[in-house]
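Notes follow the structure.
Pasting the structure below:
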């Protein structure tokens with residue numbers, strides 16, 4: 060038989076790993092990987108080898124280098140598969156937690172309440188696109204809930220497929236004046 064008839068992908072997606080780690084049901088490795096910008100030559104091989112969205116360009120006085128965005132790193136460490144001496148593995152490293160807002164002034168104080176978005180006869184439609192794990196489906200869900208809270212109609216189709224490690228994701232969102240429209 061020519062072509063692919065079945066595709067099996069036996070790996071937990073990065074977004075699901077992050078969710079499970081937050082719940083404490085998935086092991087959280089006690090190490091982090093960083094890129095030493097003074098050693099990095101900016102070749103980008105780390106990004107090619109891993110296809111990781113957490114590897115980002117950073118401009119330095121020595122030209123464009125790479126860094127790892129620790130807040131989006133899924134800790135599969137595939138970035139170290141590239142042949143690069145700039146990678147540094149730190150055991151026992153933790154991300155600093157942001158200071159909470161407890162006891163501080165209301166951050167929304169002085170922000171005006173937004174007006175409701177006026178919908179015409181045709182309603183409103185959008186396609187939101189991005190890569191897996193960056194919140195594309197969440198943005199669609201937030202828009203859908205906002206429409207629901209305003210008694211509007213909303214239809215959504217999420218196309219996530221095999222959105223793993225930088226795979227394409229998009230959400231079609233259509234909002235109408237009423238649920239019957």
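Numbering (the working numbering), first residue to last: 60 to 240. Cβ atoms here follow ideal geometry from the backbone N, Cα and C, with glycine treated the same way.
Residue i classed as buried or exposed, judged by whether at least 16 other C-beta atoms fall within 10 angstroms
i           : result
residue 123 : exposed
residue 242 : Given that the chain is displayed from residue 60 to residue 240, the structure contains no residue 242 and the question cannot be resolved.
residue 241 : Because the chain in this structure spans residues 60 to 240, residue 241 falls outside the shown range and cannot be described.
residue 201 : exposed
residue 230 : buried
residue 64  : exposed
residue 195 : buried
residue 140 : exposed
residue 192 : buried
residue 179 : exposed
residue 174 : exposed
residue 234 : buried
residue 73  : buried
residue 211 : buried
residue 232 : buried
residue 107 : exposed
Bounding residues of the beta strand (DSSP E) (the contiguous stretch that carries residue i)
i           : result
residue 115 : 114 to 119
residue 124 : 122 to 127
residue 227 : 227 to 235
residue 213 : 212 to 218
residue 184 : 183 to 190
residue 90  : 90 to 94
Inter-residue Cα distance where the pair is residue i and residue j
i           : j           : result
residue 112 : residue 152 : 21 Å
residue 127 : residue 82  : 24 Å
residue 205 : residue 129 : 31 Å
residue 226 : residue 78  : 18 Å
residue 94  : residue 134 : 14 Å
residue 177 : residue 236 : 9 Å
residue 185 : residue 213 : 12 Å
residue 136 : residue 92  : 7 Å
residue 238 : residue 215 : 13 Å
residue 76  : residue 69  : 13 Å
residue 240 : residue 166 : 37 Å
residue 131 : residue 203 : 25 Å
residue 209 : residue 80  : 34 Å
Opening and closing residue of the alpha helix (DSSP H) in which residue i lies
i           : result
residue 197 : 195 to 208
residue 104 : 104 to 109
residue 76  : 73 to 82
Quick one: any contact between the region 74 to 89 and the region 104 to 123, if contact means 3 or more CB pairs under 8 Å?
Contact between the region 74 to 89 and the region 104 to 123 is absent, because fewer than three Cβ pairs lie under 8 Å.
Identify every run of the beta strand (DSSP E) within the region 130 to 161, keeping only runs that are complete inside it and at least 3 residues long; order them along the chain.
Here the runs fully enclosed are 146 to 150.
Pairing CB atoms from the region 90 to 103 with CB atoms from the region 127 to 146, are three or more of them under 8 Å?
Between the region 90 to 103 and the region 127 to 146, the count of Cβ pairs shorter than 8 Å is three or higher; the stretches touch.
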